[in-house]
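The next block holds one structure in the form of structure tokens; read it before the comments.
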Amino acid sequence: MKSSLEKNHVLTHLLRNIRTQASDPTIKNLCERIEKGRLIPRAEFQRNFVWKNNTKIKSRLIESVFLDVPIPTIYTAEEEDGTEVVIDGQQRLLTFFTFLKNEYRLNGLEICEELNHKNYRALQEIDINLQEKIDEYPLRIIKILKDSDPSVRFDIFERLNRGSVKLNDQELRNCIYRGSFNDFIKEIIKNKDFQSLLGSKEHRRMQDAEFALRFFSLYELTYLKYKPPIRGFLNSFMSSYRNSDRKKLDEFRSVFKKTAYLVKTVFGERAFNLYTIQDNMEGKRDKRINQGLFDVLMIGFTDYDQNQIMPYKDSLKEELMWLMVHDKDFITSISGAGTGTKEKFSRKIEIWKASLKGTIGTPKTEPRSFSWELKFNLWEKQSVCAICHQQIETVEDAEIDHIHFYWRGGKTIPENARLVHRYCNRARRDNSNTITSNKNPNKELDGKITKTENLFRKRINAILSENDTEYWDSNIPENISKKVRERVHIQIRKHPYERDSFNSPEKKLEFCDIFDYLKIIKGNWGLFMNVIVSKESLEKHINSLNDLRNTLRHGREPNKVIKKSGEAAIEWFNNVLNV
Numbered sequence: 001m002k003s004s005l006e007k008n009h010v011l012t013h014l015l016r017n018i019r020t021q022a023s024d025p026t027i028k029n030l031c032e033r034i035e036k037g038r039l040i041p042r043a044e045f046q047r048n049f050v051w052k053n054n055t056k057i058k059s060r061l062i063e064s065v066f067l068d069v070p071i072p073t074i075y076t077a078e079e080e081d082g083t084e085v086v087i088d089g090q091q092r093l094l095t096f097f098t099f100l101k102n103e104y105r106l107n108g109l110e111i112c113e114e115l116n117h118k119n120y121r122a123l124q125e126i127d128i129n130l131q132e133k134i135d136e137y138p139l140r141i142i143k144i145l146k147d148s149d150p151s152v153r154f155d156i157f158e159r160l161n162r163g164s165v166k167l168n169d170q171e172l173r174n175c176i177y178r179g180s181f182n183d184f185i186k187e188i189i190k191n192k193d194f195q196s197l198l199g200s201k202e203h204r205r206m207q208d209a210e211f212a213l214r215f216f217s218l219y220e221l222t223y224l225k226y227k228p229p230i231r232g233f234l235n236s237f238m239s240s241y242r243n244s245d246r247k248k249l250d251e252f253r254s255v256f257k258k259t260a261y262l263v264k265t266v267f268g269e270r271a272f273n274l275y276t277i278q279d280n281m282e283g284k285r286d287k288r289i290n291q292g293l294f295d296v297l298m299i300g301f302t303d304y305d306q307n308q309i310m311p312y313k314d315s316l317k318e319e320l321m322w323l324m325v326h327d328k329d330f331i332t333s334i335s336g337a338g339t340g341t342k343e344k345f346s347r348k349i350e351i352w353k354a355s356l357k358g359t360i361g362t363p364k365t366e367p368r369s370f371s372w373e374l375k376f377n378l379w380e381k382q383s384v385c386a387i388c389h390q391q392i393e394t395v396e397d398a399e400i401d402h403i404h405f406y407w408r409g410g411k412t413i414p415e416n417a418r419l420v421h422r423y424c425n426r427a428r429r430d431n432s433n434t435i436t437s438n439k440n441p442n443k444e445l446d447g448k449i450t451k452t453e454n455l456f457r458k459r460i461n462a463i464l465s466e467n468d469t470e471y472w473d474s475n476i477p478e479n480i481s482k483k484v485r486e487r488v489h490i491q492i493r494k495h496p497y498e499r500d501s502f503n504s505p506e507k508k509l510e511f512c513d514i515f516d517y518l519k520i521i522k523g524n525w526g527l528f529m530n531v532i533v534s535k536e537s538l539e540k541h542i543n544s545l546n547d548l549r550n551t552l553r554h555g556r557e558p559n560k561v562i563k564k565s566g567e568a569a570i571e572w573f574n575n576v577l578n579v
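At position 447 of the sequence shown (counting the first as 1) the number is 447 in the numbering used here, and the numbers step up by one without a gap.
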């Protein structure tokens, strides 16, 4: 439960994010602002003037003014240029505006019967003060100021969205984030290839515009920066890019047209409809667009040119069918519950990018190498290898590696760079952090380390299996599980007929490193405490074993301290684990 201090902090934070201004302008003043274009009562995102032909409802509103009946607050939003857009209250404002323009006569009034069949101009025939009553009647206006947090504005617009047919998310964005990018989206979705891929059902109520927004968000930011929920991710992007310049929009236009054309040409008009095998073993396409398929196919092709894709058209169709039917990891990442999570969102794109690389090769649309200047800056800042965690003595012994693999969509940008030993980077096996070396002068000692690690792994498997033979999903930390899934998937792509052997719990442990074993044991301490006895001793000896292991596998001679501590760790593990 939050303390009063914490509550006050939360409230203060909210108030800093949303700023409003209350005023009570007269009906005449509001109508004059509408006339001048400073107040927009019905922006294109809103429904039509539904009271237009219902004179009785409009007449009762006018009568409310004469009777001094309170009229509900009207909400507006301030735009960058100072104009205001009505969020809630457009029917009321248009009723007053059209009445003052003499566009209809009052009808159906029961209290002010003498006003029936009178328009605004005719009111002065009864009493000149009636016009003044209308003109000078104040309406309460709450204006959301333009410097308010866009995400908070979105929530407020949604709460005030009271129409009989409520606006959906994209219709609200069309209201809130008006600008060059919003205009561009409405233009680009007319692309014939794109419309053909979506089908007629996705054209209604700006659903096609939301799909286009998904594409540009993932293309520009990459899936690596995706943060759930998808609604917030899209809102944030549209807010940031609402006033994009011509150069950026031309870039978006070019990649969108190319990608839509390639997807339609390779996979056909039903590219985004999931294909599944039914109980009767017959295949069937879903009728609805699968957002996960849309994401992977559209984003996957942005990395490639047409001349790279077309020679492999048939192979790519078969690859996608194989994934949709046989790859459980891919299927669960694009269908069922939780597809909007960070893990599943990333997983589906990584799988498809890996498939593209395996079929076509490495994309040629961006540089693969980092600059020497960046390497030097990273080395000066912290000269520690991200793989082996040992000191990098000279900048010549360093290389820059992609944190998120290049072939899985990781960009060659400073945010995706890590400093590693030249040896570590070149010696990585199967794109993992496992270091191997054929030049190890201490083969016997190295062999003891390997034997100890194997013993450690088998003992972990035995203890966890006693509790649950299928312990992987319930007993392994999620970050380790995710890393292992990535490594297993690489092996399955290389050896598809050995899928079952890679998915056994004990086999998965082979894709973990010694620090993963430490985390697994700590997370399941109740099962290991009688064997290991002390967490502190375990962590101490794991660090010692790792120091010796890395020294040997970098081809260096260990000093006395590292060697002695490492040998003591080997002996400790053998005594503890050989029970």
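Just so you know, even glycine gets a beta-carbon here, dropped at the ideal spot from N, CA and C.
A quick note: this is a predicted structure, and the numbers were derived from the prediction, not measured.
Self-check item: Contact check, G340 vs P229, beta carbons under 9 Å
Solution: Residue mapping note: residue 340 aligns to position 340 of the sequence shown, counting from 1. Residue mapping note: residue 229 aligns to position 229 of the sequence shown, counting from 1. Cβ distance < 9 Å, so G340 and P229 count as in contact.
Quiz item: Which class does T55 belong to by DSSP, given the choice of helix, strand or coil?
Solution: To locate residue 55, count along the sequence shown from 1; it is residue 55. Three-state result, T55: helix.
Exercise. From the DSSP output, in three-state form, read off T332 for me.
Key: Translated into the one-based positions of the sequence shown, residue 332 becomes position 332. If DSSP states are grouped into helix, strand and coil, T332 belongs with the helices.
Quiz item: So, is K227 buried or exposed, given that buried needs 16 or more other C-beta atoms within 10 angstroms?
Solution: Here residue 227 corresponds to residue number 227 of the sequence shown, with the count starting at 1. The residue is exposed, with fewer than 16 neighbouring Cβ atoms inside 10 Å.
Self-check item: Integer Cβ distance of N235 from R173, believed to fall under 8 Å
Solution: Taking the sequence shown and counting its residues from 1, the one referred to as residue 235 is at position 235. Taking the sequence shown and counting its residues from 1, the one referred to as residue 173 is at position 173. The beta-carbon separation of N235 and R173, rounded to 7 Å, stays under the 8 Å limit for a contact.
Quiz prompt | N- and C-terminal bounds of the beta strand (DSSP E) containing D88 | solution = Here residue 88 corresponds to residue number 88 of the sequence shown, with the count starting at 1. Its beta strand (DSSP E) spans residues 84-88.
Practice problem: Please go through the region 71-147 and give each complete beta strand (DSSP E) segment of 3 or more residues, from N-terminal end onward. | Solution: 74-78, 84-88, 141-144
Quiz item: Hey, would you say Y137 sits closer than 9 Å to V65, going by beta carbons?
Solution: Here residue 137 refers to the residue found at position 137 of the sequence shown. Here residue 65 refers to the residue found at position 65 of the sequence shown. Yes, the pair counts as a contact, with Cβ atoms nearer than the cut-off.
Exercise. Please report the residue range of the beta strand (DSSP E) in which L419 lies.
Key: The residue given as residue 419 occupies position 419 in the sequence shown. Per DSSP, L419 belongs to the beta strand (DSSP E) from 417-421.
Quiz item: Can you check whether the CB of N524 is closer than 9 Å to the CB of N475?
Solution: Position 475 of the sequence shown holds residue 475. Position 524 of the sequence shown holds residue 524. Cβ distance < 9 Å, so N475 and N524 count as in contact.
Exercise. Would you mind stating whether F237 and L221 have Cβ atoms separated by less than 9 Å?
Key: Taking the sequence shown and counting its residues from 1, the one referred to as residue 237 is at position 237. Taking the sequence shown and counting its residues from 1, the one referred to as residue 221 is at position 221. The answer is yes: Cβ separation under 9 Å.
Exercise. Spatial neighbours of A568 within its chain, please: CB distance less than 8 Å, with the 5 preceding and 5 following residues excluded, ordered by chain position.
Key: The sequence position of residue 568 within the sequence shown is 568, counting from 1. Correct list, in chain order: H541, S544.
Quiz item: Residues in its own chain within less than 8 Å of S501 by CB, not counting five upstream and five downstream?
Solution: Within the sequence shown, numbered from 1, the residue matching residue 501 stands at position 501. Exclusion of the five residues before and after S501 leaves K507 as the residues of its chain whose Cβ lies within less than 8 Å of its Cβ.
Quiz prompt | H389 - DSSP class collapsed to helix/strand/coil | solution = One-based indexing of the sequence shown puts residue 389 at position 389. Looking at H389 - three-state DSSP - the assignment turns out to be coil, as it is neither helix nor strand.
Quiz item: Hey, out of N273, L356, S346, I299, whose CA is closest to S315's CA?
Solution: Looking up residue 315 in the sequence shown gives position 315. If we check each option's Cα against that of S315, L356 comes out closest.
Quiz item: Where does K344 land, buried or exposed, given buried means 16+ other C-beta within 10 angstroms?
Solution: The sequence position of residue 344 within the sequence shown is 344, counting from 1. It counts as buried.
Exercise. Measure the Cβ-Cβ separation of L106 and E63 and say whether it is below 9 Å.
Key: Residue numbering aside, residue 106 sits at position 106 when the sequence shown is read from its first letter. Residue numbering aside, residue 63 sits at position 63 when the sequence shown is read from its first letter. A contact, by the Cβ cut-off of 9 Å.
Quiz prompt | Other residues of its chain near L198: CB distance less than 7 Å, five sequence neighbours each side excluded | solution = Indexing the sequence shown from 1 puts residue 198 at position 198. Excluding sequence neighbours, L198 sits near D208, F211, I289.
Quiz item: First and last residue of the beta strand (DSSP E) that includes R33?
Solution: For this step, residue 33 is matched to residue 33 along the sequence shown. No beta strand (DSSP E) holds R33; the alpha helix (DSSP H) holding it covers 27-36.
Quiz prompt | Residues bridged to I400 (per DSSP) | solution = For the purposes of this step, residue 400 is taken as residue 400 along the sequence shown, with counting starting at 1. Note: I400 sits in a beta bridge opposite L419.
Quiz item: Is there contact here, the region 132-147 with the region 17-32, by at least three beta-carbon pairs under 8 Å?
Solution: yes
Quiz item: What three-state label does DSSP hand S474 in the structure shown?
Solution: Position 474 of the sequence shown, counting from 1, holds the residue named residue 474. Residue state, collapsed to three classes: helix.
Quiz item: Anyone know if the C-beta pair for E444 and R422 falls short of 9 Å?
Solution: Translated into the one-based positions of the sequence shown, residue 444 becomes position 444. Translated into the one-based positions of the sequence shown, residue 422 becomes position 422. Cβ atoms of E444 and R422: not closer than 9 Å.
Quiz prompt | Buried or exposed (CB count within 10 angstroms, at least 16 for buried), A77 | solution = Residue numbering aside, residue 77 sits at position 77 when the sequence shown is read from its first letter. A77 comes out buried.
Self-check item: Span separating the alpha-carbon of E187 from that of D169
Solution: Residue 187 sits at position 187 when you count from the first residue of the sequence shown. Residue 169 sits at position 169 when you count from the first residue of the sequence shown. Cα to Cα, the separation comes out at about 19 Å.
Exercise. Measure the alpha-carbon distance for V488 versus K328 and round it to whole angstroms.
Key: Within the sequence shown, the letter at position 488 stands for residue 488. Within the sequence shown, the letter at position 328 stands for residue 328. Distance between the alpha carbons of V488 and K328: 13 Å.
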